[in-house]
Amino acid sequence: MKKIGKIYLGLVLFFLYVPIFVLIVFSFNETKSRSVFSGFTFDWYIRLFNNRIIISSLINTIIIACVSSVISTVLGTLAAIGINNMRKVPKTVVMNITNMPIINPEIVTGVSLMLLFVFFAARMNLEFGFVTLLIAHITFNVPYVILNVMPKFNQMDPHIYEAAQDLGCSPVKAFRKVVLPEIMPGVISGFLMSFTYSLDDFVISYFTSGSTSQTLPITIYSMTRRKVSPEINALSTLIFISVVIILVVKNVIEKRALKKAGKI
Amino acid sequence: MKLKYFSAPYLVWMVVFILVPLLMIAFFAFTNDEGRFTMKYISDVGQYANIFVRSIWLSLIATVICLVIAYPVAFILSRMEKHKQGTMLMIVMLPMWMNFLLRTYAWMTLLGNNGIINHLFGMIGLGPFKLINTSGAVVLGMVYNYLPFMILPLYSVMEKIDNSMFEAAEDLGCSYFQTLFRVIIPLSVPGITSGITMVFVPAISTFIISRMLGGGSNLLVGDLIEMQFLGNAYNPHLGAAMSLVLMVIILVIMTVMNQFDPDDQVLM
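Chains U and H are the protein sequences, given in the same order.
Residues in the first sequence are numbered consecutively from 144, following our numbering.
Residues in the second sequence are numbered consecutively from 106, following our numbering.
Pasting the structure below:
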């Protein structure tokens, strides 16, 4: 029984990883062939680094991810504090609306924001580009921050905030010294989630970016629409390697933290 | 200062950028260019019924395949030794961290007429087969992209099932199949329902997978909507009507799904 399980798991992993490994192997292929490996080369990597569109959209993606995740984290954390102190009915209403971008298909969120931006573009001096992209990213990121921070309040004893004030803290100091450390894990995971969703997003960016401000996924999409270029394979390889490094480092850090916690 | 006012900036943001845009979809769906009420666009959606049916059908097939593949994976993962589970889960989820365009592109190169699969078939004297630009390729793309979305929720409920449950079932005379159908599956229903929604919703609304792997002949609802907003057939009113119908279909299916979820039921 155990053996069958292992074989089965192996087959599923084979299915999940083979396409990626084929991409990686063919990023070193001399010709543009997708089926015959004719010789080893680094040419596609060199071309990738000389491709100004890819490099500029990569920089653009990172800027948008950083700015939108920082703003979403601040906005979302403040929102979570406020929502937590609301009465039951307004709280339910706000949380239901907050859940909408998560439940709705991405294409609906993208299209709805596009309609709004078209409306503003016609009446005000708004152009599709960096600003609309940033607004869209903040909009789909904030709900994830809120959903990560809210449970931390439920786990927290509400009286410690009052106790800190009774012991002479100003409300601001009590918040900084007592509440903030309690909700910090939620804030951090909300931030990281926003950052990765923002880096990875294609659908919503596609509807809200216009032609001036492109993100990496949009550039990748237009590359796949045109002729086959092994530059995409090279790019995939680099992304895959960075993902593996990040996840391994994250895992090691978590394991160490667990060990430390276990010792104390 | 009252703490509830902290949420004021977000509430403004939420109304302007979540609520108003969704209301605009409804507004555009029921009005014409002059802003007058009309049912024309909603009824026009009926002309595309075949595409809606195809979207529902293909994404249902993909969801069922995901469930069948993912269920044993999640179970095997949940019965591993505790310290191995984390690492194994990371290995299963790792492909998800690649952008889905790249993952879909990988299948484009594999399935293509000059792709590696046809090349391998050619070596043993078979083919070439038409693999890409078929509805099968679209389903394959959906399964490949969304499989981890099914594994994760299933794993997180199964991880909580104690081994003593199976021992108890066995002691009370259950066969393997009885244990599966009367113990394991009922206990994992919450994972099944959330896995189904996490696969079905992105699958039914995708336009990338159908475009990259389905060619021009396997249009889905997502393609239709995209064409109304960014394609040659620019018509935001029709696009909004289609989005509204898509949202209603998803809402209906999710409501039906929730009927099966024991958490929502009064009687246990």
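Here a beta-carbon is modelled for each residue, glycine too, at the ideal position from N, C-alpha and C.
Computed from a prediction, not measured in an experiment: that's the story for all the values here.
What three-state label does DSSP hand residue i in the structure shown?
| i | result |
| --- | --- |
| H:Phe-142 | strand |
| H:Phe-234 | coil |
| H:Thr-209 | helix |
| U:Asn-172 | strand |
| H:Asn-204 | coil |
| U:Asp-186 | helix |
| U:Thr-282 | helix |
| U:Val-179 | coil |
| H:Ala-338 | coil |
| H:Thr-311 | coil |
| H:Val-371 | Confidence is the limiting factor: at H:Val-371 the pLDDT is only 40, short of 50, which leaves the residue's position unreliable, though a coordinate-based value still follows. Coil at H:Val-371, not helix or strand. |
| H:Arg-287 | helix |
| H:Glu-374 | With chain H covering only 106 through 373, there is no way to say anything about residue 374 of chain H. |
| U:Thr-252 | helix |
| U:Arg-369 | coil |
| H:Leu-325 | coil |
| U:Thr-328 | Per the sequence shown, residue 328 of chain U should be read as Pro rather than Thr. If DSSP states are grouped into helix, strand and coil, U:Pro-328 belongs with the helices. |
| U:Asn-268 | coil |
| U:Ile-382 | helix |
| U:Phe-158 | helix |
| U:Leu-310 | coil |
| U:Asp-344 | coil |
| U:Phe-273 | helix |
Could you please give me the residues that DSSP links to residue i through a beta bridge?
| i | result |
| --- | --- |
| U:Thr-355 | Answer by DSSP bridge pairing: none, since U:Thr-355 is not bridged. |
| H:Phe-305 | According to DSSP, H:Phe-305 bridges with nothing at all. |
In chain U, which residues lie with their C-beta within 8 Å of the C-beta of residue i?
| i | result |
| --- | --- |
| H:Ile-130 | Val-251, Val-254, Ser-255, Leu-258 |
| H:Pro-291 | Under the 8 Å cutoff, chain U gives no residues; its nearest Cβ is about 22 Å from H:Pro-291. |
| H:Lys-145 | Near H:Lys-145 there are no residues of chain U at all, since even the closest Cβ is about 18 Å away, more than 8 Å. |
| H:His-342 | In chain order: nothing, as chain U lies at least about 10 Å away. |
| H:Arg-208 | Pro-162, Ile-163 |
| H:Val-125 | Leu-259 |
Applying a beta-carbon distance threshold of less than 8 Å, which residues of chain H neighbour residue i?
| i | result |
| --- | --- |
| U:Leu-269 | Those do not exist, as U:Leu-269 stays about 13 Å from chain H at its closest Cβ, beyond 8 Å. |
| U:Tyr-340 | Those within 8 Å of U:Tyr-340 in chain H number zero; the least Cβ separation is about 12 Å. |
Can you list the residues of chain H that residue i reaches, using a CB-CB cut of under 7 Å?
| i | result |
| --- | --- |
| U:Arg-177 | Thr-214, Gly-217, Asn-219, Gly-220, Ile-221 |
| U:Val-292 | The premise fails here: U:Val-292 is roughly 11 Å from chain H at the closest Cβ pair, so nothing lies under 7 Å. |
| U:Asp-343 | Asn-204 |
| U:Leu-221 | Phe-111, Ser-112, Pro-114, Tyr-115 |
Quick one: which chain H residues come within Cβ less than 9 Å of residue i?
| i | result |
| --- | --- |
| U:Val-210 | Near U:Val-210 there are no residues of chain H at all, since even the closest Cβ is about 15 Å away, more than 9 Å. |
| U:Phe-99 | Outside the displayed range of chain U (144 to 407) lies residue 99 of chain U, so it cannot be described from this structure. |
Which runs of the alpha helix (DSSP H) at least 4 residues long sit entirely within the stretch 194-250 of chain U? Give them in chain order. 195-227, 231-246
Do three or more CB pairs link the stretch 213-224 of chain U to the stretch 191-204 of chain U at distances below 8 Å? no
Taking three-plus beta-carbon pairs below 8 Å as touching, is the stretch 236-252 of chain U in contact with the stretch 308-318 of chain U? no
Determine, using beta-carbon pairs with one atom in the stretch 177-192 of chain U and one in the stretch 376-386 of chain U, whether at least three such pairs fall under 8 Å. yes
How do the stretch 320-336 of chain H and the stretch 263-283 of chain H stand: do at least 3 beta-carbon pairs fall below 8 Å, yes or no? The way I'd put it, the stretch 320-336 of chain H doesn't touch the stretch 263-283 of chain H; fewer than three beta-carbon pairs between them come closer than 8 Å.
Report the start-end ranges of each alpha helix (DSSP H) in the stretch 126-196 of chain H that is 4 residues or longer and not cut off at the edges. 145-149, 154-183
Report yes or no: do three or more beta-carbon pairs, one from the stretch 341-361 of chain H and one from the stretch 235-255 of chain H, lie closer than 8 Å? no
Counting beta carbon pairs with one atom in the stretch 158-178 of chain H and one in the stretch 305-316 of chain H, are three or more of them shorter than 8 Å? yes
Is the stretch 124-131 of chain H touching the stretch 222-234 of chain U, taking contact as three or more C-beta pairs under 8 Å? no
Taking contact to mean at least 3 C-beta pairs separated by less than 8 Å, is the stretch 287-300 of chain H in contact with the stretch 165-179 of chain H? yes
Specify whether the stretch 274-285 of chain H and the stretch 150-160 of chain H touch according to this definition: at least 3 beta carbon pairs, one from each stretch, less than 8 Å apart. no
Would the stretch 195-211 of chain H count as touching the stretch 386-394 of chain U if we require 3 or more Cβ pairs under 8 Å? With three or more CB-CB distances shorter than 8 Å, the stretch 195-211 of chain H counts as touching the stretch 386-394 of chain U.
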